[in-house]
Amino acid sequence: MINLLLKNIFTFHKQLDAGREILNHGLIESAVNAPFQTFGGQSLYPTIFDKAAQLGFGLTKNHGFADGNKRVALHAMELLLLLNGIKLTCSQEARVNIMMSVASGKCSAAQLKIGCFQIRNVSRPLS
Numbered sequence: 467m468i469n470l471l472l473k474n475i476f477t478f479h480k481q482l483d484a485g486r487e488i489l490n491h492g493l494i495e496s497a498v499n500a501p502f503q504t505f506g507g508q509s510l511y512p513t514i515f516d517k518a519a520q521l522g523f524g525l526t527k528n529h530g531f532a533d534g535n536k537r538v539a540l541h542a543m544e545l546l547l548l549l550n551g552i553k554l555t556c557s558q559e560a561r562v563n564i565m566m567s568v569a570s571g572k573c574s575a576a577q578l579k580i581g582c583f584q585i586r587n588v589s590r591p592l593s
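Residue numbering for the sequence shown follows the numbering used here, beginning at 467 and increasing consecutively.
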């Protein structure tokens, strides 16, 4: 499995031209590291889909940047999946809507993991 690094997230933010202001470096770092945590030798987020959902949720809700949190979160999720052989096939509108639901609190982390994002239904393995 290929993981994203903290430096990748800061690069995304710069490329999005979302401003340069970082509100809380620690919250960004926490969001990036959370999907790869283990307990007792077992991954807390065992599938790539679980990891992508947790990454997107954490980056959106932790609000570590002054601007661009949802865009960075969506891009990070898409890239994590792509690096691991999965391409999202849902519309851009659907992607934006789900990130807005996360940001507004309509979609919890648990809901995101069990189907709010329904990532398995809107993705396909790379050929």
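Backbone N, C-alpha and C fix where the C-beta goes; we use that ideal spot for every residue, glycine too.
Keep in mind that this is a model prediction, so the values were computed, not measured.
- When rounded, the separation of the alpha-carbon atoms in alanine 542 and glycine 507 is 25 Å.
- If you look at lysine 572, you'll find it isn't in any alpha helix (DSSP H); DSSP assigns it neither H nor E.
- Cα atoms of proline 501 and aspartate 533: separation of roughly 22 Å, rounded to the nearest angstrom.
- Around the beta carbon of asparagine 535, 16 or more other beta carbons lie within 10 angstroms, which makes this residue buried.
- When the five nearest sequence neighbours on each side are left out, the beta carbons in the same chain lying within less than 7 Å of the beta carbon of isoleucine 468 are those of Leu549 and Asn550, in order along the chain.
- In this structure, the straight-line span from the alpha carbon of tyrosine 511 to that of alanine 518 is close to 9 Å.
- Taking 8 Å as the upper bound for CB-CB distance, leucine 540 and leucine 547 are not in contact here, some 11 Å apart.
- Straight across, the Cα-Cα distance linking aspartate 516 with isoleucine 552 is about 13 Å.
- Under the 10 Å beta carbon count, valine 538 is surrounded by 16 or more other beta carbons and is classified as buried.
- Boundaries of the alpha helix (DSSP H) harbouring leucine 521: 514-528, taken from the DSSP string.
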